[in-house]
């Protein structure tokens, strides 16, 4: 086979395959050219989701008449001139490929006029032949690029395009990211003569925030936390939201910009997701708008023809800076957000020793913040996410003090609040003395007694039962706490205690036939022994009461739904053990849930970290039997040691 040089036409079409993948690729390249031309107003008009027509007009500097044909040639650009320029790129485009690639797969018309010219000029070419001639054409100062019949000469590529709705959504996404990257420029997107988006250039920070809310979502102005970092290597500015829940359909919204360039870089995106995962949990859906800025010499954007990937010379340091800046911003979402947020401008979080005792108690007790917002939280019943009691279904209003203190089931609270990071920050503070916590507890009880539901006074009975409930004194490690229980001091394992509560909640749900279930995205097939399959068929009602929906065939069992929070675990080994316990139990037929079954389900649940307020709620519901069971706690025997010391002093 003979080696030969490719023709210019074929080479251009191959290059176009890297630059022009679909209509949104054309829109992106043309928008970037307009931005580089110092335009202050950019308008994009599309027909047929970009298949029929894409037209981008701007009021930028324009292209001189004698350079119009050259502008359509491959590797022709005004933005770089030597190798050194590649290490100091200040423009969005620099490769000189965009117009040539677009012209090779569309019927393209380029019209432009500079401020020094009296008339505008236009050049038209169709396909890769690049036969173009310049003709005079009326036009204002600026440039208009019109690309018609995308992929008219490569019909195979047209078949890979999606529906008009999908392609238009992709164009809109590109348009939004470009508009977010350049708030000083006005943008307008028109589809089939209907305005899809229109924003004016922002003159100040207030207008910039309103514009961000319009483009990215109103929640960014209402609920966002400021992200700020000033470092010689990288500066970060932006807004971050609390995490959505990916398991509940929460979608990611990550808008990243480097030196005003929209990027979709894996390393930077990983840093964002890492911060959200550390603070909100592994199922968190990241939602943020981040503007990164660095010396162009520190980042290489000449990685891919799309120019949306970047390589930092100090990627590990950049990664850590992004994670650190986001975690600092997330302090806003903690219960004690005003105290923990600190001075973002100086990147400093004030320590507990610089505040009064009252603020420190508020951090541990979780009482600091907007009381009206706290009182608006619904009071959830016992059950930790497995079931809802009939009392709540009837919407009764005489909640007990225990229900108000609980405020939410633990699974729901875990999804909506900061988890491990709250424990880490709170653990930096001094130990709170028991008498101080007694005051805080009294204050909370008074607040509960005066609470109201929908503006109406609610009568609440505060339980004075001293046989149940422990008082949190300190967070010793990430998973252990110091608790005062009546006259004893205990070191309690939070994960073990949580498992006991989860087991009790599941058992109560089974006994009341109130187990909440979740359908699996895909039915799970399980091979069981003939004996187990027959036993399960004979106790279908018990299986359903336990939260499992089964269908039987000759060779296997198909599971279509399971109890909530179990849908994402490894089901194979769990189901065999669980079904064996169900099939062999006589207690289920009597309306009771076997402890072994409840423990099996609780053990399979993901072990999620708790924040301080959730730990306090957990302890308030705990009995002495729970704390002593299964090595959940260790008694420090402080009183015995004190008595021994006293006897020694008396001698």
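Residue numbers (this note's numbering): 465 to 1115. All C-beta atoms, glycine included, are put in the ideal place defined by N, C-alpha and C.
What did DSSP end up calling residue i once you bin it into helix, strand or coil?
| i | result |
| --- | --- |
| residue 515 | coil |
| residue 1056 | coil |
| residue 1048 | helix |
| residue 565 | helix |
| residue 697 | coil |
| residue 584 | strand |
| residue 570 | coil |
| residue 1084 | helix |
| residue 1027 | strand |
| residue 525 | coil |
| residue 544 | coil |
| residue 637 | helix |
| residue 589 | strand |
| residue 484 | coil |
| residue 1104 | helix |
| residue 645 | helix |
| residue 764 | strand |
| residue 674 | helix |
| residue 492 | helix |
| residue 814 | For residue 814, the predicted structure reports a pLDDT of 37, less than 50, and the residue's modelled location is therefore unreliable. A value from the coordinates is still provided. DSSP places residue 814 in coil when its eight states are reduced to three. |
| residue 1067 | helix |
| residue 706 | coil |
| residue 651 | strand |
| residue 770 | coil |
| residue 468 | coil |
| residue 623 | coil |
| residue 757 | strand |
| residue 724 | coil |
| residue 610 | strand |
Just checking my contact of residue i with residue j at CB under 8 Å: how many whole Å lie between their CB atoms?
| i | j | result |
| --- | --- | --- |
| residue 650 | residue 505 | 5 Å |
| residue 496 | residue 556 | 4 Å |
| residue 1099 | residue 954 | 6 Å |
| residue 596 | residue 589 | 4 Å |
| residue 1052 | residue 990 | Not quite, the Cβ-Cβ distance comes to about 20 Å (not below 8 Å), so this is no contact. |
| residue 756 | residue 698 | 6 Å |
| residue 490 | residue 614 | 7 Å |
| residue 529 | residue 639 | Not quite, the Cβ-Cβ distance comes to about 30 Å (not below 8 Å), so this is no contact. |
| residue 525 | residue 578 | 7 Å |
| residue 564 | residue 537 | 6 Å |
| residue 754 | residue 663 | About 19 Å separates the two Cβ atoms, so there is no contact after all. |
| residue 520 | residue 542 | Actually they are not in contact, since the Cβ atoms of residue 520 and residue 542 sit about 18 Å apart, beyond 8 Å. |
| residue 673 | residue 685 | 5 Å |
| residue 487 | residue 631 | 5 Å |
| residue 1083 | residue 947 | 6 Å |
| residue 1017 | residue 981 | With 8 Å as the limit, residue 1017 and residue 981 do not qualify as a contact, their Cβ atoms being about 21 Å apart. |
Determine the closest residue to residue i out of the options, with distance taken between C-alpha atoms.
| i | options | result |
| --- | --- | --- |
| residue 587 | 607, 761 and 744 | 607 |
| residue 1027 | 1013, 1037, 1021 and 724 | 1013 |
| residue 559 | 727, 540, 962 and 570 | 540 |
| residue 1078 | 531, 962, 1058 and 985 | 962 |
| residue 1097 | 977, 1001, 945 and 986 | 945 |
| residue 736 | 1103, 960, 749 and 724 | 749 |
| residue 553 | 538, 1106, 531 and 763 | 763 |
| residue 644 | 676, 777 and 563 | 676 |
| residue 1037 | 1067, 659, 1024 and 637 | 1067 |
| residue 570 | 655, 585, 610 and 666 | 610 |
| residue 1181 | 628, 674 and 679 | In the structure as shown, the chain starts at 465 and stops at 1115, and residue 1181 therefore has no counterpart that could be examined. |
| residue 636 | 721, 514 and 625 | 514 |
| residue 794 | 492, 526, 747 and 739 | 739 |
| residue 777 | 758, 768, 771 and 769 | 758 |
| residue 1070 | 628, 1029 and 1084 | 1029 |
| residue 704 | 797, 986, 1054 and 973 | 797 |
| residue 761 | 1044, 548 and 1005 | 548 |
Between residue i and residue j, is the Cβ-Cβ spacing less than 8 Å?
| i | j | result |
| --- | --- | --- |
| residue 718 | residue 789 | no |
| residue 1091 | residue 934 | yes |
| residue 598 | residue 533 | yes |
| residue 785 | residue 693 | yes |
| residue 766 | residue 550 | yes |
| residue 751 | residue 689 | no |
| residue 1103 | residue 952 | yes |
| residue 1057 | residue 971 | yes |
| residue 1033 | residue 992 | no |
| residue 1041 | residue 1010 | no |
| residue 527 | residue 576 | yes |
| residue 1047 | residue 999 | yes |
- Taking only runs of the alpha helix (DSSP H) that begin and end inside the stretch 934-1022, which ones reach a length of at least 4 residues, in chain order? 958-975, 994-1002 and 1004-1009, all fully within the stretch 934-1022.
- Ordered list of alpha helix (DSSP H) runs contained in the stretch 726-750, each at least 4 residues: Segments of the alpha helix (DSSP H) lying fully in the stretch 726-750: 730-744.
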